[in-house]
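These notes are about the structure you will find just below.
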Amino acid sequence: MEPFKNAFSYPNACRIATRILDVHPAFPMAAFRRGLEEELEPLELKQRMRSIALRIEAGLPESPELFPILVKTLARNEDDPDGLRGFLVWPLTDIVARRGLDHFEESMAALREMTRVFTAEFAIRPFLREHRQRTLRHMKKWAKDPDEHVRRLVSEGTRPLLPWGERLPELMADPGLAMPLLEILHRDKSDYVRLSVSNHLNDFSKSHPELVLETLAKWRDAGKPDAGFAKLARHACRTLIKQGHPQALSYHGFGSADSLEIEEFSLLTPAVEIGGHLEYRLRVRNTSPAPLRVLYDYAILHRKANGSQTPKVFKGRVRELAGGEIWEITGRHPMKPVTTRVYHSGRHAIEPRLNGRAFPALDFDFHA
Numbered sequence: 037m038e039p040f041k042n043a044f045s046y047p048n049a050c051r052i053a054t055r056i057l058d059v060h061p062a063f064p065m066a067a068f069r070r071g072l073e074e075e076l077e078p079l080e081l082k083q084r085m086r087s088i089a090l091r092i093e094a095g096l097p098e099s100p101e102l103f104p105i106l107v108k109t110l111a112r113n114e115d116d117p118d119g120l121r122g123f124l125v126w127p128l129t130d131i132v133a134r135r136g137l138d139h140f141e142e143s144m145a146a147l148r149e150m151t152r153v154f155t156a157e158f159a160i161r162p163f164l165r166e167h168r169q170r171t172l173r174h175m176k177k178w179a180k181d182p183d184e185h186v187r188r189l190v191s192e193g194t195r196p197l198l199p200w201g202e203r204l205p206e207l208m209a210d211p212g213l214a215m216p217l218l219e220i221l222h223r224d225k226s227d228y229v230r231l232s233v234s235n236h237l238n239d240f241s242k243s244h245p246e247l248v249l250e251t252l253a254k255w256r257d258a259g260k261p262d263a264g265f266a267k268l269a270r271h272a273c274r275t276l277i278k279q280g281h282p283q284a285l286s287y288h289g290f291g292s293a294d295s296l297e298i299e300e301f302s303l304l305t306p307a308v309e310i311g312g313h314l315e316y317r318l319r320v321r322n323t324s325p326a327p328l329r330v331l332y333d334y335a336i337l338h339r340k341a342n343g344s345q346t347p348k349v350f351k352g353r354v355r356e357l358a359g360g361e362i363w364e365i366t367g368r369h370p371m372k373p374v375t376t377r378v379y380h381s382g383r384h385a386i387e388p389r390l391n392g393r394a395f396p397a398l399d400f401d402f403h404a
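Last residue of the sequence shown: 404 in our numbering, with the numbers rising by one and none dropped.
Here you go:
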């Protein structure tokens, strides 16, 4: 798979600049290109984006004259029938975020157009920081926009813990600032928008779990049964479920693990090499005469450099167990290299979790 940073290759940077030149003939293309290829080479994705944005910005007129130029570059033409789309729009949103704070209405109009072909979720955040109430009022109008990309921006742009984005601690400290926006969007007809709402609620769940569960219950009870809303609620509670939060488990129909008993737990591969698989077998019995909805997850207890272990929870599966019924589970977990984890050789462990309760783990040897 090609690295994300290649979205901002030298040819793509020149493509963006060419579109600028099409609508602003005074743009200094030669100065933009000078030394750019060498400058981009060692940089990662976000650094490349910023480098391109700064070079474009240097060749544009003062605010607010630059905003119509940026928007016009998005249009299709004979030489570029697709127009600027995707990552290539990111530098333009970045320019608006820096140059637009003193030109609110022009900036909002530009970001609305840009988010329709990429996303302005990063660029809106400085406005939420510097002009919070005004921006939130504007986003409330966007929450009813006919374009799903604009409606998604309302939720995604106000997420307090947006990946890659500037954190918004004020919105995390006071969920009531953004919650009226989610109130409008939580039954949006677009899966894309509802997914953002669920991610937003998942952010909130890390500091305000009770509020998230109360909100979901209120929304559920106020509307008709809806598969889309049920999916939103599951995704919004994913962190709480992994943590075994009792109220979150109860909301989704999972009862106490008191009647669950592990009759057998064994490893088929007690030693695993990097790139291999940990294979195991599990027998779970519902000792109660009553049926029980069971959620099976598991945690890999990864060895750290200092010899301690840290858990990483993985989603398993769900099953209704009749009274006295046995559930035989076989699993296969890949121990493959990933960019987000450094593996250390030595003793690791796998820990089964049933309806949020951790059961005794089994150790295995891992060779990185």
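Note that CB positions come from ideal geometry on N, CA and C, so glycine has one too.
Query, Result
"Residue-chain proximity (T194, chain D), Cβ-Cβ < 8 angstroms", "In the structure shown, chain D cannot be found, because there is only a single protein chain."
"Where the alpha helix (DSSP H) containing P205 begins and where it ends", "P205 to A209"
"Residues that DSSP places opposite E300 in a beta bridge", "R319"
"Continuous beta strand (DSSP E) stretch holding E309: start and end", "A307 to E309"
"For A145, three-class secondary structure by DSSP", "helix"
"According to DSSP, residues forming a beta bridge with K278", "Partner(s): none; K278 has no beta bridge."
"F395, DSSP secondary structure in three states", "coil"
"The alpha helix (DSSP H) enclosing Y46, as first and last residue numbers", "Y46 to V59"
"Simplified DSSP assignment, three categories, for G382", "strand"
"Bridge-paired residues (DSSP) for V354", "L331"
"Local Cβ density within 10 Å of R157, reported as buried at 16 or more and exposed below that", "At residue 157 the sequence reads Glu, which differs from the Arg that was named. With 16 or more other Cβ atoms within 10 Å, it is buried."
"Three-way DSSP call (helix, strand, coil) for G264 in this model", "helix"
"Identified DSSP bridge partners for L164", "Paired residues: none, contrary to the question."
"Proximity of F40 and M85 at Cβ, strictly below 8 angstroms", "no"
"Host alpha helix (DSSP H) of P245 (start-end)", "P245 to A258"
"Simplified DSSP assignment, three categories, for F402", "strand"
"For P347, the residue or residues it bridges with in DSSP", "L337"
"Cβ contact (3+ pairs, closer than 8 angstroms) linking the stretch 126-133 and the stretch 89-108", "yes"
"Unbroken alpha helix (DSSP H) run spanning H1, endpoints", "Here the chain covers residues 37 to 404 and nothing more, so residue 1 does not appear."
"Span separating the alpha-carbon of R173 from that of V186", "14 angstroms"
"Anticipated Cβ contact below 8 angstroms, L268 with S234, distance rounded", "5 angstroms"
"Of the residues Q169, V190, W178 and F63, the one placed nearest E206, counting alpha carbons only", "Q169"
"Nearest neighbour of K278, chosen from L296, P216 and K348 [CA to CA]", "K348"
"Pairwise C-alpha distance: L72 and G392", "53 angstroms"
"L331 vs R317 beta-carbon contact at 8 angstroms", "no"
"Proximity of P306 and F400 at Cβ, strictly below 8 angstroms", "yes"
"7 angstroms Cβ shell around L147 - same chain, five flanking residues per side excluded", "T129, V132, A156, A159 and I160"
"CA-to-CA distance, I52 to P117, given in whole angstroms", "14 angstroms"
"Where L390 falls: helix, strand or coil (DSSP)", "strand"
"First through last residue of the alpha helix (DSSP H) which encompasses R230", "D227 to S241"
"Helix, strand or coil at W200 [DSSP, three-state]", "coil"
"CB contact flag (S226, E184, <8 angstroms)", "yes"
"Boundaries (first-last residue) of the alpha helix (DSSP H) holding P370", "Segment I362 to P370 is the beta strand (DSSP E) holding P370; no alpha helix (DSSP H) there."
"Rounded separation between E202 and R195 - CA only", "10 angstroms"
"Unbroken alpha helix (DSSP H) run spanning H222, endpoints", "Taken as a continuous stretch (DSSP letters only), H222 belongs to no alpha helix (DSSP H), as it is neither H nor E."
"C-alpha gap between V59 and V229, whole angstroms", "33 angstroms"
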